[in-house]
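Position in the sequence shown (from 1) plus 1221 gives the number in our numbering. This report refers to the structure that appears directly beneath it.
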Amino acid sequence: MSDPKSPPSPERVLDLLQTMCLIREFEEAAGTALAAGHVRGSVHQYTGQEAIAVGVCCHLNRTDYVSSHHRGHGHAIAKGVSPSRMMCELFGRQGGTSNGKGGSMHIADFSQGMLGANGVVPDGVTMAVGAAHAIKMQARPEIVVAFFGDGAMNRGPLFEAFNWVKLFDLPVLFVCEDNGYSVTLRTRDVTGGPPAVERLGGFGIPVSQVNGNDVLAVQQAAGDLIAKVRSGGGPHFLHASTYRWYGHLAYDKGLYRDALEVERARQDDCLLNAQHWLTQNGASAQRIEAVREAARQQIEQAVQLALNAPFPSEATAFTEVQDLGSPVWPG
Ligand SMILES: Cc1ncc(C[n+]2csc(CCOP(=O)(O)OP(=O)(O)O)c2C)c(N)n1
Ligand SMILES: [Mg+2]
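This is the structure:
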């Protein structure tokens, strides 16, 4: 966990870049593996949005929790889940986070406080509320971050979550990753009234907005909010604007989007933005390239590990499909 007030040092930004690169490489490899037939089911790539997961999760302790959504790989990596175990999970192999039985949308690792990706919009958020309520009842110091997309802002359970969390002043940071799209629709085209974020005022939950493609801005905004949530300030909400580079899932070519719009978003690449800052603040090109190369190698090794791992045996078909007893709150 970092001190949100301290100005970022190049070393710290290199750390953030390293995690963003890991996520970027993981998502590229996951897309390639899906196309090659190694991955069954779906893969929703987080490419382009890396700064949000990394800028938020850098303030969390291992015992804090995150809940995620269908586009969840980045949150898991930023929270400390092993990319190798995640890759095995995507490939349906032993050694995966659920020994290969969950797949992309069910990556969870309670040992790292990762409550899980979630295919139901926005059920990760309602699970986060339950975790936060347990923390409060047990007078524990942890906090919960609930990540969700702009599409979730038009789903009823999210509003139940806002109400409950505010009613009991639970330690939750809501993070809305607004990439402008819900599957193939522009979210604004299916949103009634003013921008959905304005609805938060009705719940009395403070809202902050940030450029989600700027990891320095995200880590600063999230640091302030997390400090407030952690010190008993009740729920807060961070709206981060961003863009998903690829289609809704890896099969989707995204042809409903304007090519120029996609190109502009790619130029506002959160990795390049961080690299630009680093260059201006004294980091050498070699140092930056070393970070990128290390991420490439780590993910390449993760893919090899997954390819060589055995599939789960028939005898274990009913294990790891539901968590029935492992300790959610350590110690
Ligand atoms: C209850 C429910 N309804 C519909 C869907 C189908 N669905 C999957 S993702 C999604 C919207 C995603 O948009 P957003 O929340 O903005 O996340 P993004 O994909 O942009 O990251 C929908 C409607 C679902 N998964 N769950
Ligand atoms: Mg969206």
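Heads up, the beta-carbon is just placed ideally off N, CA and C, and yes, glycines get one too.
Proximal residues to M1222 (C-beta, below 7 Å), its chain only, five neighbours per side dropped: The pLDDT assigned to M1222 is 44, lower than 50, so where the model puts this residue is not dependable; a value taken from the coordinates is nonetheless given after this. Around M1222: H1280, L1281, N1282.
What is the DSSP secondary structure of A1504, counted as helix, strand or coil? Look at A1504 here: in three-state DSSP terms it is coil, with no helix or strand label.
For ligand 2, any of its heavy atoms closer than 7 Å to the Cβ of S1332? No heavy atom of ligand 2 is found nearer than 7 Å to the CB of S1332.
Three-state class that DSSP yields for Q1430 in the structure shown: strand
What residues match up with D1399 in a beta bridge as DSSP calls it? S1462
Please report how far the alpha carbon of D1445 lies from the alpha carbon of H1290, in whole angstroms. 24 Å
Should Y1267 be counted as a contact of ligand 2 given a C-beta to heavy atom distance under 7 Å? no
Check whether R1392 and A1443 have beta carbons under 8 Å apart: It is worth fixing the name first, because residue 1392 is Pro in this sequence and not Arg. Cβ distance not < 8 Å, so P1392 and A1443 don't count as in contact.
In the DSSP assignment, the beta strand (DSSP E) including A1367 goes from what residue to what residue? 1365-1370
By Cβ distance, which residues of its chain are closer than 8 Å to D1236, with the 5 residues on each side in sequence left out? C1279
Does the beta-carbon of F1532 have 16 or more other beta-carbons within 10 angstroms, so that it is buried, or is it exposed? By the neighbour-count rule (16 or more Cβ atoms within 10 Å), F1532 is not buried but exposed.
Just how far apart, CA to CA, sit F1389 and Y1477? 42 Å
Straight-line gap, A1257 to A1471 (C-alpha atoms, nearest Å): 12 Å
Specify the secondary structure class of S1288 as computed by DSSP and reduced to three states. strand
Return the bridge partner residues of L1406 from the DSSP annotation. S1403
Counting only runs that start and end within the region 1509-1536, where is the beta strand (DSSP E) found for 3 or more residues in a row? none
Between which two residues does the alpha helix (DSSP H) containing M1241 stretch? Where M1241 is concerned, the enclosing alpha helix (DSSP H) stretches over 1231-1256.
In the DSSP assignment, the beta strand (DSSP E) including G1337 goes from what residue to what residue? 1335-1337
Sequence-distant residues of the same chain with beta carbon closer than 7 Å to V1439, five excluded per side: A1272, I1273, G1276, V1277, V1431, G1433, A1461
Rounded straight-line distance, which links the Cα of A1360 to that of Q1315: 37 Å
CB I1328 to CB G1372, shorter than 8 Å? No, Cβ-Cβ distance for I1328 and G1372 is not below 8 Å.
At the level of alpha carbons, what is the spacing between Q1518 and S1305? 12 Å
Proximity to D1429 [Cα-Cα], best of E1541, G1317, H1457, A1448: Going by the sequence as given, residue 1429 is Ser instead of Asp. The candidate whose alpha carbon is nearest that of S1429 is H1457.
Would you list the one or two residues that DSSP bridges to V1587? With the chain running from 1222 to 1552 in the structure shown, residue 1587 is simply not present.
When E1310, Q1441, G1323, V1404 are compared against L1526, the one with the closest alpha-carbon: Ranking E1310, Q1441, G1323, V1404 by Cα distance to L1526 puts E1310 first.
Going by alpha carbons, who is nearest to Q1522 out of R1233, M1307, M1374? M1307
Any C-beta of chain C sitting closer than 8 Å to the C-beta of F1368? You won't find chain C in this structure, because it holds only one protein chain.
Run the proximity test for T1408: is its beta-carbon closer than 7 Å to any non-hydrogen atom belonging to ligand 2? yes
Once you ignore the five residues that flank K1357 on each side, which residues in its own chain have a CB closer than 6 Å to its CB? L1391
Short Cβ contact (8 Å threshold) for I1447 with I1364: yes
Between the CA atoms of A1297 and M1241 - distance to the nearest angstrom: 12 Å
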